[in-house]
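Peer 1: Provided herewith is a single structure, encoded as structure tokens, for subsequent inquiry.
Number of protein chains: 2
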Amino acid sequence: MADIGRTICNARLADGSRHDIEITDGRVTALRPPTDSEPAVLLLPPLVDGHIHLDKTLLGLPWVPNQAAGNTVADRIEAERQVRAARTVPESETGANIVKQVVACGTLHMRSHVDIDNQLGLKNLHAVLAIRERFRDLVTIQIVAFPQSGVVRSPGTAELLDAAIAEGADLVGGLDPVGIDGDLDGHLGAIFAIAGRRGVGIDIHLHDGGEGGIRQMLAIAERTRASGFKGKVAISHAFALGSVPSDRAAYTADALAEAGIAIMSHGPGAATMPPLQLLRAHGVEVFGGSDNIRDAWSPFGNGDMLERAMLIGYRANFRHDRELAFACDMVTAAAARVLGLGDYGIRTGGPADFVAVEAQSVAEAVATRPPRKWVMKAGRIVARDGVLALP
Amino acid sequence: MADIGRTICNARLADGSRHDIEITDGRVTALRPPTDSEPAVLLLPPLVDGHIHLDKTLLGLPWVPNQAAGNTVADRIEAERQVRAARTVPESETGANIVKQVVACGTLHMRSHVDIDNQLGLKNLHAVLAIRERFRDLVTIQIVAFPQSGVVRSPGTAELLDAAIAEGADLVGGLDPVGIDGDLDGHLGAIFAIAGRRGVGIDIHLHDGGEGGIRQMLAIAERTRASGFKGKVAISHAFALGSVPSDRAAYTADALAEAGIAIMSHGPGAATMPPLQLLRAHGVEVFGGSDNIRDAWSPFGNGDMLERAMLIGYRANFRHDRELAFACDMVTAAAARVLGLGDYGIRTGGPADFVAVEAQSVAEAVATRPPRKWVMKAGRIVARDGVLALP
């Protein structure tokens, strides 16, 4: 397959328009009216996974039964520490398995949280840095230094987070400042201080529900504005937004929008869903991610972001085509904006990065999640029929 | 492929045991210790879809955008009446498409609700009866005469339901006695009268939530016991059980168990989930079904009952292997019991009906939903690698 000087004929884009797409040296050099009438393929821009845990997955290992003794976040943190200690295959290998699997499904950009705690130190970071280097020509991996065991309650973690940024992590993470650390100001103070010193953004896991979760979001918004972090902070999960009255959710949405805070949802199975359409209507950027993929937290997940868009839409009660298109946007353009991907999208002058599926519309692609006919990166086919096509 | 006298070597069953399975004349004649050490395939009994709508699906048509103006059950009933009027392909064809698709995924038994109302008369029943006859050697189809537009509010429907049973439907359906018909006693009186006269069971769609839904369940349980219908009634959806305090759900579960009423859940996207484990602990049979598959109600769904078990487990917050096995049971043995399938299950003397997947356990099969390597019906391979293998 030639990797320069080719034309994709009669491609249907998300807006329904059809084009012949001319590619030179890995970039789109022209969108022309279609010259033939062969059945159109639907071309999506690359899928973007806004929240993945490359170091947690057990993909490729024999089936590991879930061991968590209870259903709280704290129970699962403890269960994971035990699974970790019993691992026989390094995270660099299982993480590489998931990267290969998701590229075959069309994901070419991702934000991976990486566990940093006083059991692991920077071990998982080093594994994910190695994965990033190994696949650098195929996929962009943004790394969040994630304090999975807390910050305040886990002495030494703040210093490790700081060191992680120095070694190549892109953002500082956080985790339930009240529910896990029991110290809102202590937790936020620590992570904002590191982010400020290092000049990076922040992405905070917030599972805490109800009014307690809302109050933490408002505190994060307040600190974001006061510290000059506008547009550099995301909150992942944000279940609380789905468990309070809609006027309270709307009030919180306004505060998040004013602080430029984005909200990530993976379409949780049992937790409450943030009101995605309300958030977007109030100016909040919402984006999608896989979250756990066959790991100590969850047996589910496979990294396919069209399936994830389906799950998000299913949980959000999306049915209309425009709603399914919104779910698709959450795992493509919206996630690309949150990740700050400048060179993204199907346009003249843009990268020749595409995902081809058989579908008549984006809505159909989300609802039916058809196999990926092929995935193109910089003008080169990198996967075909769901199978990686690399040398 | 010979259809008599064969042995399936080294099959792993759901309980983890391994056997060579000897088949003669379409039946299992022996389970023997495995004679070789080739990698075991996991054999499941046939998947059972406890709630499908063969007449609603638009599968095989070009993508039909969802038209519902609002999100209530009444809005969707009205939208569906419009979609129906605009159909250009008969239900017998789209329904056949879904039967072929689900058999390829391992479903060999199903309960299909079929719309009966004063717009359709018995038209859809005739289409599904034709589908049942066409595929009678491949799949068993139990038919529920379903009053999609209500009974009390839709004059003439009770007579049509009665006529439907006379023409071959197996059960009488019902729909939100209060939410749609606004007449609890009128609705239940009508459908129980038909079921009593015709000597058939009942399966009632109950979307109504909260205490209002609970009161309808208790009324159904009371009438079921009083009318001698114990063990012959199912309630589909039963969202209300997931929206009341757990002591109220437990009280209702006891009443349901006493009346032998089974509960069907499809793992709804946005509605509340019935507490499946609580129900089973109180002696209520819970089973699974697809519900809508790419129709005027929902763009989602594909009829794959392993995917359905995943969605049920995802919504129910199942994570442990025993919980995933429960989800699998809901779409196999439990559903078979509710449908009254006597000749079901993997055992000496049982039918040579199997679904083969690559997985080390039932939990893995539910979480990863692997392609079906093959599906066997009465000793004959009827699908291979997800593709129907029929002459």
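One line per chain: the protein sequences are A and B, in this order.
Position 250 of the first sequence, counting from 1, maps to 250 under the working numbering, and the rest follow consecutively.
Position 48 of the second sequence, counting from 1, maps to 439 under the working numbering, and the rest follow consecutively.
Note that the Cβ used here is the ideal one computed from N, Cα and C, for glycine as well.
Would you please state the rounded distance, in angstroms, between the beta carbons of B:Arg-418 and B:Pro-742? I believe it to be under 8 Å.
Peer 2: Indeed, because the Cβ distance is near 6 Å, the residues count as touching under 8 Å.
Peer 1: Mind listing the chain B neighbours of A:Gln-82? Cutoff is C-beta to C-beta under 8 Å, in chain order.
Peer 2: Listed along chain B, no residue sits closer than 8 Å to A:Gln-82 by beta-carbon distance, the nearest being about 14 Å off.
Peer 1: Does A:Arg-322 pass the burial test, meaning 16 or more other C-beta atoms within 10 Å, or should it be called exposed?
Peer 2: Within 10 angstroms of the beta-carbon of A:Arg-322 lie fewer than 16 other beta-carbons, which makes it exposed.
Peer 1: Give me the residue from A:Leu-61, A:Gly-60, A:Ala-79 with the minimum Cα distance to A:Ala-69.
Peer 2: A:Ala-79
Peer 1: Report yes if the C-beta of A:Gly-182 is less than 7 Å from at least one heavy atom of the ligand ADP; otherwise report no.
Peer 2: No copy of the ligand ADP appears in this structure; indeed no ligand is present at all.
Peer 1: Going by Cα to Cα distance, which pick from A:Lys-123, A:Thr-7, A:Gly-313, A:Ala-86 is closest to A:Leu-54?
Peer 2: A:Lys-123
Peer 1: I'd like to know if B:Asp-335 contacts chain A, where contact means its C-beta is closer than 8 Å to some C-beta of that chain.
Peer 2: The structure shown does not extend to residue 335 of chain B, since chain B is modelled only from 392 through 782, so no value can be given for it.
Peer 1: Since A:Ala-356 sits in a beta bridge, which residues does DSSP pair it with?
Peer 2: A:Leu-43, A:Trp-374
Peer 1: What residue from A:Tyr-251, A:Ala-333, A:Ala-169 has the CA that sits closest to A:His-282's CA?
Peer 2: Nearest in C-alpha terms to A:His-282, of all of A:Tyr-251, A:Ala-333, A:Ala-169, is A:Tyr-251.
Peer 1: Using 8 Å as the Cβ pair cut-off and three pairs as the minimum, do the region 598 to 613 of chain B and the region 502 to 509 of chain B touch?
Peer 2: no
Peer 1: Does the beta-carbon distance from B:Glu-572 to B:Val-493 come in below 8 Å?
Peer 2: It is Asp, not Glu, that sits at residue 572 of chain B in the sequence shown. Not closer than 8 Å, so no.
Peer 1: Quick one: any contact between the region 708 to 724 of chain B and the region 515 to 527 of chain B, if contact means 3 or more CB pairs under 8 Å?
Peer 2: no
Peer 1: Candidates A:Glu-285, A:Arg-380, A:Ser-265, A:Gly-345: which alpha carbon is nearest A:Ile-52's?
Peer 2: When only C-alpha atoms are compared, the closest one is A:Ser-265.
Peer 1: For a contact defined as C-beta to C-beta under 8 Å, what are the partners of B:Asn-708 on chain A?
Peer 2: Asn-71, Gly-269, Ala-270
Peer 1: At a CB-CB cut-off below 7 Å, which residues of chain A make contact with B:Asn-457?
Peer 2: The answer, in chain order, is Arg-319, His-320, Asp-321.
Peer 1: In the DSSP output, what is A:Glu-22 paired with across the bridge?
Peer 2: Beta-bridge partners of A:Glu-22 (DSSP): A:Thr-7, A:Ala-30.
Peer 1: So, using beta-carbon positions, are B:Leu-669 and B:Val-757 closer together than 8 Å?
Peer 2: no
Peer 1: Which residue from A:Lys-377, A:Val-284, A:His-320, A:Arg-319 puts its Cα closest to that of A:Arg-337?
Peer 2: Among A:Lys-377, A:Val-284, A:His-320, A:Arg-319, the Cα nearest to that of A:Arg-337 belongs to A:Val-284.
Peer 1: A:Pro-46 and A:Gly-95 look like a contact to me (Cβ under 8 Å); what is the Cβ gap, rounded to whole Å?
Peer 2: About 19 Å; that fails the 8 Å criterion.
Peer 1: Contact defined as beta carbons within less than 8 Å: I believe A:Leu-206 pairs with A:Ser-236. What is the distance between those atoms, to the nearest angstrom?
Peer 2: Rounded to the nearest angstrom, the Cβ distance from A:Leu-206 to A:Ser-236 is 7 Å, consistent with a contact under 8 Å.
Peer 1: Indicate whether at least one CB of chain A lies closer than 8 Å to the CB of B:Met-701.
Peer 2: yes
Peer 1: For a quick check, are the C-beta atoms of B:Ile-703 and B:Gly-694 less than 8 Å apart?
Peer 2: no
Peer 1: Using the Cα positions of B:Ile-468 and B:Glu-484, report the straight-line distance between them to the nearest angstrom.
Peer 2: Annotation: B:Ile-468 to B:Glu-484 spans about 22 Å, alpha carbon to alpha carbon.
Peer 1: Excluding five sequence neighbours on each side, which residues of the same chain lie with their C-beta closer than 7 Å to the C-beta of A:Leu-390?
Peer 2: Val-382
Peer 1: Short of 7 Å Cβ to Cβ, which residues in the region 736 to 758 of chain B face chain A?
Peer 2: Gln-751, Ser-752, Ala-754, Glu-755, Ala-758
Peer 1: Considering only residues of the same chain and omitting the five flanking positions on each side of B:Met-392, which have a CB-CB separation below 6 Å?
Peer 2: Here B:Met-392 scores only 41 on pLDDT, less than 50, and its place in the model is too uncertain to base an answer on.
Peer 1: May I ask you to list the residues that DSSP assigns as paired with A:Phe-141?
Peer 2: Sequence check: residue 141 of chain A is Ile here, not Phe. A:Ile-141 pairs with A:Met-110.
Peer 1: With a cut-off of 8 Å, does the C-beta of A:Phe-300 fall near any C-beta of chain B?
Peer 2: Yes, because at least one Cβ of chain B sits closer than 8 Å to the Cβ of A:Phe-300.
Peer 1: Measuring only between beta-carbons, confirm whether A:Leu-279 sits less than 8 Å from chain B.
Peer 2: no
Peer 1: Applying a beta-carbon distance threshold of less than 7 Å, which residues of chain B neighbour A:Pro-62?
Peer 2: Simply Gln-751.
Peer 1: Tell me which residues share the same chain as A:Gln-142 and place their Cβ nearer than 6 Å to its Cβ, disregarding the 5 neighbours each side in the sequence.
Peer 2: Arg-111, Asp-170, Leu-339
Peer 1: Just to confirm the assignment, what range does the beta strand (DSSP E) spanning A:Leu-171 have?
Peer 2: 171 to 175
Peer 1: What are the complete alpha helix (DSSP H) segments, minimum 4 residues, inside the region 179 to 215 of chain A?
Peer 2: 184 to 198
Peer 1: Could you compute how far the alpha carbon of A:Ile-8 sits from the alpha carbon of B:Phe-709?
Peer 2: 44 Å
Peer 1: So which residues on chain B does A:Arg-372 lean against when the C-beta distance must stay under 7 Å?
Peer 2: Result: empty, since nearest Cβ-Cβ is about 16 Å, beyond 7 Å.
Peer 1: Does the distance from the C-beta atom of A:Val-178 to that of A:Asp-208 stay below 8 Å?
Peer 2: yes
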